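Okay, so here's the structure we're looking at.
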Amino acid sequence: MTYKTDQSVTHTPMMQQYLRIKADYQDTLVFYRMGDFYELFFDDAKKAAELLSITLTARGNSAGSPIPMCGLPYHAAEGYIAKLIKIGESVAICEQIGDPATSKGPVER
Numbered sequence: 010m011t012y013k014t015d016q017s018v019t020h021t022p023m024m025q026q027y028l029r030i031k032a033d034y035q036d037t038l039v040f041y042r043m044g045d046f047y048e049l050f051f052d053d054a055k056k057a058a059e060l061l062s063i064t065l066t067a068r069g070n071s072a073g074s075p076i077p078m079c080g081l082p083y084h085a086a087e088g089y090i091a092k093l094i095k096i097g098e099s100v101a102i103c104e105q106i107g108d109p110a111t112s113k114g115p116v117e118r
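Numbering of the sequence shown is given in the numbering used here, commencing with residue 10 and proceeding in unit increments.
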């Protein structure tokens, strides 16, 4: 999938940050930390939901279509990530390094 990062598509600041990060990891499943969960979006979400037998849902919209999303609690991620690696998938973990309580806009990653 081509990720929409141009000005013709409006994304939330969080999704803009995700898309900038994902652009550097095109062939990798990006686990994006959101509070107590890791979330995956777009094609990563579809693939992970199928491989891990977890629920595929949606978060927001992109170009008028729902953004596919799946997620899992951070404390359970190790087992899921190990399963993906065992079957040959590449995984990147995008942690929050800033303090959500003091952050204005997306938390630093």
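The C-beta atom is built at its ideal place from N, Cα and C for all residues, glycine as well.
Treat the numbers as computed from the prediction; the structure is a model and nothing was measured.
Residue interval of the alpha helix (DSSP H) (run including residue i)
i	result
G2	As shown, the chain starts at 10 and ends at 118. That puts residue 2 outside it, with no answer to give.
Y41	Premise fails: Y41 lies in the beta strand (DSSP E), L38 to M43, not in any alpha helix (DSSP H).
Y27	P22 to A32
Residue i vs residue j beta-carbon contact at 8 angstroms
i	j	result
V39	C103	yes
T37	A86	no
P77	L93	no
Q180	R42	The shown model of the chain, from 10 to 118, leaves out residue 180, and the question about it has no answer.
Option in the options with minimal Cα separation from residue i
i	options	result
A32	T66, G88, K95 and D53	D53
F51	L60, S71 and T21	S71
L61	G88, I76, R29 and Q35	G88
M23	K55, E59 and R68	R68
A57	Y27, I90 and G73	I90
H20	Y34, P75, I63 and E59	P75
Continuous beta strand (DSSP E) stretch holding residue i: start and end
i	result
I76	S74 to P82
I106	Careful: I106 lies outside any beta strand (DSSP E) and carries neither H nor E.
E123	What the structure shows of the chain is the stretch from 10 to 118, and residue 123 is not part of that stretch, so it cannot be assessed.
T66	T66 to S71
Any chain C beta carbon closer than 8 angstroms to residue i
i	result
V100	As a matter of chain content, chain C is missing from the structure shown, which is built from one protein chain.
Worksheet item: Are the stretch 30 to 48 and the stretch 75 to 93 touching by the rule of at least three beta carbon pairs closer than 8 angstroms?
Response: yes
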